[in-house]
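S.K.: I'd like to ask some things about the structure below.
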């Protein structure tokens, strides 16, 4: 903190990867998602995100242990995308994305051989794990020989401190925040982006986690950035995309999460949102992975988020996104009415209700910020 | 954030350094502080801290360009500690501490030869810079030959997420927070530690920055920790030292600092303080290094800090530490009266008034927490 670090003003904060200084994962159009042994496990979160938001770019799931033939049979979505048991069966893939986010970020041993096969075939391999592909010298040597690229989206060497620039007027920044981890912040941001694009507006999702980055093509893996540069890396990401009229910025953790509040606070100040969407899971009462820590009330959280965010830029919660996966339709309706009355804000279950109403709230905010 | 990382419960979160897993800088009793070309520059902050809080362990300052003969002549403190122009003139040193904290954390070229000489002589070299000594392969080879240890206090590989443990009852945690960087948080924490020790109490300063670590002997260089592990590394530091009755925990940045709020928030939740001491510099109105960002009022900051901290553990500001270096004695008196009336809290200029009154406030807090 006692030092000032060099800034790379207005440069996109992308992860430098062995030899390259940036990447764009959106160029891949024929992706094989590697879920070996994990297709039906909750760690297949990355595969699920890719299928939902980038299904058109996916040619197959690779899992030799999965008894199902298609994504929809196994996961309930993803249509007829086949589940193959070897890379040879996939139809002309141009990349392999590792489709899991396991506890600890370790690469499961059974995935090794499929990765080596992809590299030997000259296919790029993209990973969001903490175990870096590019730290495996044998793999790096094989990739150099075949021309395959190894991309670790969590490998980042960001060294810019934040400078509190004025962002472009006309660029409305909306950030999803939550009462906990894994409540649907990425999902909500992406759904609103899609809805705004559908209406012909210039919207852009900014990814801050590994799954979001694989969907969007780039972004900042904020939990892997050295703490001194968290705010700065988000600032750079916004600077790189502020030509868009609406930025939907993926949130992480919670401002009161015992483990991740530092990440959440830096992200919040770095992107300087005009509005927040408060995401929560109905029926969840304790912190994910920390059952002894009760969650705060939404009213408390709204106050804390608005206070902290407004220290950087005037900011209010403009809507609430309920994740109603534990609730019946009736329970979800009752929950929405109760919370809406408590907070005086619109509450929607994006999965059941669609993102239209929250997209409307974003447009309302836009009119307020740029009258 | 989607992953859970392994914990090393109850292990001190110390920086692993080439070959060792921890270090203790307090063992050095005959330190040469290297300030080559920088003795009278504000970047000599580390040297100044060492002289003030660890002067008994210092045998010399090394600066061949300094025209003065003693520390007190050059810096106004440090007594008769000589300023020497070569390592040979220093009296039996057991370590060389690099005494500067320059912008960018780079090692100035003129310091290289003195460092190489120390290494060749088998003397350990300790650095708080971003340019790691242990990344210089020639230096590492020379150290291996001579038996010198190269210790980079900012090199840390902390991979523990916070678990929100219950800390030992009876361990009172007091954290210094501020309205900005470089306002005296380390100074205030150390002065209160000394005052409590003088009264025969079991107090311990916990360092979170490079200068503090060099003074205390160990600690966590929190601005160099990967963001996912900031809260966790502080939790581990407290767990490692919770046998003490009073922990004085060094703060960093500010909860609303555009660049460092992520560090500040993670630190605050990780150490779960019972009380805060709000440190500020009288007369400072804009953020250090970011003149276009006005500072918040102390009343606003008090509210924000108490709200955020209490989300983890019930916590209040128990006193205010004025840094009065820009103020005359009369101005300082007026300032203290004004702020004390505004906040309803005791305000002291630790440099002018001493730490006694703030130490009293810590004891009062102790009675409240452990009645």
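Protein chains in written order, with this note's numbering: chain A, 479 to 849; chain B, 479 to 849. Glycine included, every Cβ here is placed at the ideal spot set by N, Cα and C.
State yes or no: is the C-beta of residue 790/A within less than 7 angstroms of the C-beta of residue 720/A?
M.R.: Mapped onto the first chain, residue 790/A falls at position 312. Mapped onto the first chain, residue 720/A falls at position 242. It is not a contact, given that the beta carbons lie outside the stated cut-off.
S.K.: Mapping DSSP to helix, strand and coil, what is residue 781/B?
M.R.: Start at 1 with the first residue of the second chain, and residue 781/B comes out as number 303. In this structure, residue 781/B counts as helix in the three-state DSSP scheme.
S.K.: With respect to the beta strand (DSSP E) encompassing residue 682/B, which residues constitute its N-terminal and C-terminal limits?
M.R.: Taking the second chain and counting its residues from 1, the one referred to as residue 682/B is at position 204. Run containing residue 682/B: 681 to 684, per the beta strand (DSSP E) assignment.
S.K.: Short of 9 angstroms Cβ to Cβ, which residues in the segment 720 to 753 of chain B face chain A?
M.R.: Taking 9 angstroms as the Cβ-Cβ cut-off against chain A, the residues of the segment 720 to 753 of chain B that qualify are 730, 731, 733, 734, 735, 736, 737, 738, 739, 740, 741, 742, 743, 744, 745, 746, 747, 748 and 750.
S.K.: Along the alpha helix (DSSP H) that carries residue 747/B, what are the first and last residues, could you check?
M.R.: Walking along the second chain from the start, residue 747/B turns up at place 269. Start and end: 739 to 749.
S.K.: Is residue 641/B buried or exposed, if buried means 16 or more other CB atoms sit within 10 Å of its CB?
M.R.: Along the second chain, one-based indexing puts residue 641/B at 163. Classification for residue 641/B: buried.
S.K.: Is the segment 766 to 780 of chain B touching the segment 666 to 674 of chain B, taking contact as three or more C-beta pairs under 8 angstroms?
M.R.: Cβ pair count under 8 angstroms is below three, so no.
S.K.: Taking only runs of the beta strand (DSSP E) that begin and end inside the segment 514 to 546 of chain A, which ones reach a length of at least 3 residues, in chain order?
M.R.: As far as the segment 514 to 546 of chain A is concerned, its whole beta strand (DSSP E) runs of at least 3 residues are 536 to 540.
S.K.: On the premise that residue 843/B lies in contact with residue 825/B, defined as a C-beta separation below 8 angstroms, what is that separation, rounded to the nearest angstrom?
M.R.: Here the question's residue 825/B lines up with position 347 in the second chain. Here the question's residue 843/B lines up with position 365 in the second chain. About 16 angstroms; that fails the 8 angstroms criterion.
S.K.: Does residue 513/A have its Cβ less than 7 angstroms from a Cβ in chain B?
M.R.: As a first step, residue 513/A is located in the first chain; it is residue number 35 there, counting from the start. So, not an interface residue.
S.K.: What first and last residue would you give for the beta strand (DSSP E) that runs through residue 573/A?
M.R.: Translated into positions along the first chain, residue 573/A becomes position 95. Residues 573 to 576.
S.K.: Can you tell which of 558/A, 660/A, 618/A and 534/A has the C-alpha that lies nearest to the C-alpha of residue 764/A?
M.R.: One-based indexing of the first chain puts residue 764/A at position 286. Selected option, being the one with the closest Cα: 660/A.
S.K.: Can you tell me the Cα-Cα spacing of residue 658/B and residue 735/B, whole angstroms?
M.R.: For the purposes of this step, residue 658/B is identified with residue 180 of the second chain, where counting begins at 1. For the purposes of this step, residue 735/B is identified with residue 257 of the second chain, where counting begins at 1. So the two alpha carbons sit approximately 7 angstroms from each other.
S.K.: Please determine, among 803/B, 638/B and 754/B, the residue with the shortest C-alpha to C-alpha distance to residue 650/B.
M.R.: Here residue 650/B refers to the residue found at position 172 of the second chain. Ranking 803/B, 638/B and 754/B by Cα distance to residue 650/B puts 754/B first.
S.K.: At the level of alpha carbons, what is the spacing between residue 834/A and residue 827/A?
M.R.: Position 356 of the first chain, counting from 1, holds the residue named residue 834/A. Position 349 of the first chain, counting from 1, holds the residue named residue 827/A. Between residue 834/A and residue 827/A, the C-alpha separation is close to 11 angstroms.
S.K.: Just how far apart, CA to CA, sit residue 555/B and residue 794/B?
M.R.: Within the second chain, residue 555/B is the residue found at index 77, counting from 1. Within the second chain, residue 794/B is the residue found at index 316, counting from 1. C-alpha separation (whole angstroms): 35 angstroms.
S.K.: What does residue 774/B reach in chain A if we use C-beta pairs closer than 9 angstroms?
M.R.: Sequence index remark: in the second chain, residue 774/B carries index 296 (1-based). Correct list: 789.
S.K.: If the cut-off is 7 angstroms on Cβ atoms, which residues from the segment 698 to 720 of chain A count as contacting chain B, listed in chain order?
M.R.: Answer in chain order: 700, 701, 702, 703, 704, 705, 706, 708, 709 and 710.
S.K.: How about residue 525/B: is its C-beta nearer than 7 angstroms to some C-beta of chain A?
M.R.: On the second chain, residue 525/B is found 47 positions in, with the first residue counted as 1. No, no contact with chain A.
S.K.: Taking residue 768/B as the query, report the chain A residues whose CB atoms sit under 8 angstroms from its CB, ordered along the chain.
M.R.: Locating residue 768/B in the second chain gives position 290, counting from the first residue. By Cβ distance, chain A contributes 641 and 642.
S.K.: Does DSSP put residue 728/B in a helix, a strand or coil?
M.R.: By one-based count along the second chain, residue 728/B stands at place 250. The answer is coil: DSSP assigns residue 728/B none of H, G, I, E or B.
S.K.: Can you name the start and end residues of the alpha helix (DSSP H) that residue 869/B belongs to?
M.R.: There is no way to answer for residue 869/B, as the model of chain B reaches only from 479 to 849.
S.K.: What is the DSSP secondary structure of residue 660/B, counted as helix, strand or coil?
M.R.: Looking up residue 660/B in the second chain gives position 182. Coil at residue 660/B, not helix or strand.
S.K.: Please report the distance separating the alpha-carbon of residue 738/B from that of residue 550/A.
M.R.: Counting from 1 along the second chain, the entry for residue 738/B is found at position 260. Counting from 1 along the first chain, the entry for residue 550/A is found at position 72. Their Cα atoms are separated by approximately 45 angstroms.
S.K.: If you reduce the DSSP assignment to three classes, tell me which class residue 863/A lands in.
M.R.: In the structure as shown, chain A begins at 479 and stops at 849. Residue 863/A is therefore absent and cannot be evaluated.
S.K.: Here's a check: name, in chain order, each residue in its chain whose Cβ is nearer than 8 angstroms to the Cβ of residue 620/B, leaving out the five neighbours to either side.
M.R.: Position 142 of the second chain, counted from the first residue, corresponds to residue 620/B. Taken in chain order, the residues that qualify are 594, 597, 598 and 626.
S.K.: For residue 600/A, tell me which candidate among 624/A, 685/A and 507/A has the shortest Cα-Cα distance.
M.R.: If you number the first chain from 1, residue 600/A lands on position 122. Checked all of 624/A, 685/A and 507/A; the closest Cα to residue 600/A is 624/A.
S.K.: Note down, one range per segment and in chain order, each alpha helix (DSSP H) of at least 4 residues found wholly within the segment 592 to 650 of chain A.
M.R.: Whole alpha helix (DSSP H) segments, 4+ residues: 615 to 624.
S.K.: Following the continuous beta strand (DSSP E) through residue 799/B, name the residue where it begins and the one where it ends.
M.R.: Residue numbering aside, residue 799/B sits at position 321 when the second chain is read from its first letter. Per DSSP, residue 799/B belongs to the beta strand (DSSP E) from 794 to 801.
S.K.: Does residue 654/A come out as helix, strand or coil in the three-state DSSP assignment?
M.R.: Taking the first residue of the first chain as 1, we reach residue 654/A at position 176. Residue state, collapsed to three classes: strand.
S.K.: Spatial neighbours of residue 557/B within its chain, please: C-beta separation below 8 angstroms, excluding the five flanking residues on both sides.
M.R.: Taking the first residue of the second chain as 1, we reach residue 557/B at position 79. Contacts found: 533, 548, 549 and 550.
S.K.: For residue 546/B, which residues in the same chain have their Cβ closer than 7 angstroms to its Cβ, ignoring the five residues on either side in sequence?
M.R.: Counting from one through the second chain, the residue named residue 546/B turns up at place 68. Result list for residue 546/B: 552 and 561, in chain order.
S.K.: Between the segment 632 to 666 of chain A and chain B, which residues of the former have CB atoms less than 8 angstroms from a CB of the latter, in chain order?
M.R.: If the cut-off is 8 angstroms between Cβ atoms, the segment 632 to 666 of chain A has 639, 640, 641, 642, 659 and 660 near chain B.
S.K.: Determine the contact status of residue 715/B and residue 698/B, defining contact as a CB-CB distance below 7 angstroms.
M.R.: Start at 1 with the first residue of the second chain, and residue 715/B comes out as number 237. Start at 1 with the first residue of the second chain, and residue 698/B comes out as number 220. Yes, Cβ-Cβ distance for residue 715/B and residue 698/B is below 7 angstroms.
S.K.: Answer with yes or no whether the minimum CB distance from residue 499/B to chain A is below 7 angstroms.
M.R.: Here residue 499/B is taken as the residue at index 21 of the second chain, counted from 1. At residue 499/B, the pLDDT of 38 sits below 50, so the modelled position is not reliable and the matter cannot be decided from this model.
S.K.: By Cβ distance below 6 angstroms, which residues in the same chain neighbour residue 542/B in space, the five residues on each side in sequence not counted?
M.R.: The count along the second chain starts at 1 and reaches residue 542/B at position 64. So the list reads 563, once near-sequence residues are dropped.
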